[in-house]
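Enquirer: Quick one: the structure is below, and I'll ask about it shortly.
Okay, here's the thing in structure tokens:
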């Protein structure tokens, strides 16, 4: 595709339910990042995938959060037993090379609301 | 850990004025990037400056890098209301890419 695609754009879920957020990176990009952004705040790093290397999960806030990247392409961020504090915009980005060595492209995010 | 921290946290100016925001970092880098975010959605890449460059221009944007002070500045000249956004920096100090809290710029018409 032309850019990074995230789905759904918006998600409203009940507290305690599980949710899956999807990210389709730009084809050929080896690096993929997930961030969380609460209203008016900065970007909180969640997880980073680079090629076939083990992902950097150091930013995941709890064991309710997990992510995978299948075939080095599409990534899914799963939040189990959602809590109200999980409400935020979840952003995905991809780049051709690791870290900030090249430009990163962001999706438009998924706005998650836990009620 | 954060790779870059922006200041000020918020900046409010009149249209036509220049806006300057700063980024400080802690470790040696090869390059530094600036991004803009409108309305809390995806970030858009503005400019990348390498460690062997001191200044770079792109349209109304001017970025400087001082590796001895571990700092960078982003100058937006002749600001417009459409420049209202949050601005973030990121460096390649680590294998991943992390951002500071950003500078929230408001340009009043």
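Chains as they are written, first to last, in our numbering: chain A, 407 to 521; chain B, 4 to 112. Every residue, glycine too, gets a C-beta built ideally from N, C-alpha and C.
1) Compile a chain-ordered list of the residues in the stretch 53-65 of chain B whose CB is closer than 9 Å to at least one CB of chain A.
2) Is the stretch 4-24 of chain B touching the stretch 41-51 of chain B, taking contact as three or more C-beta pairs under 8 Å?
3) Which residue wins for smallest C-alpha separation from residue 75(B), given the options 110(B), 31(B) and 16(B)?
4) Considering only their Cβ atoms, is the gap separating residue 39(B) from residue 117(B) smaller than 7 Å?
5) Which of the three DSSP states, helix, strand or coil, is assigned to residue 8(B)?
6) Going straight from the alpha carbon of residue 417(A) to that of residue 110(B), what length do you get?
7) Check the Cβ-Cβ distances between residue 108(B) and every residue of chain A, and say whether any is below 7 Å.
8) Give me the residue from 11(B), 12(B) and 19(B) with the minimum Cα distance to residue 79(B).
9) Count the other C-beta atoms from every protein chain shown that fall within 10 angstroms of the C-beta of residue 62(B), then say buried if there are 16 or more, exposed otherwise.
10) By Cβ distance below 7 Å, which residues in the same chain neighbour residue 479(A) in space, the five residues on each side in sequence not counted?
11) Which whole runs of the beta strand (DSSP E) in the stretch 24-58 of chain B are 3 residues long or more, in chain order?
12) Straight-line CA distance for residue 472(A) to residue 461(A)?
13) Counting C-beta neighbours from all protein chains within 10 Å, is the total for residue 17(B) 16 or more, i.e. buried, or is it exposed?
14) Cα-Cα, which of 443(A), 419(A), 425(A) and 491(A) is closest to residue 498(A)?
15) For residue 495(A) versus residue 515(A), is the C-beta distance shorter than 7 Å?
16) Let me confirm a value: residue 500(A) is counted as buried when at least 16 other C-beta atoms fall within 10 Å, else exposed. Which label applies?
17) Using a cut-off of 8 Å between C-beta atoms, extract the partners of residue 104(B) located in chain A.
Expert: Judging by the given coordinates:
1) none
2) no
3) 31(B)
4) Residue 117(B) is absent from the model: chain B starts at 4 and stops at 112.
5) strand
6) 32 Å
7) no
8) 19(B)
9) exposed
10) 431
11) 34-40 and 46-53
12) 11 Å
13) exposed
14) 443(A)
15) yes
16) buried
17) 447 and 448
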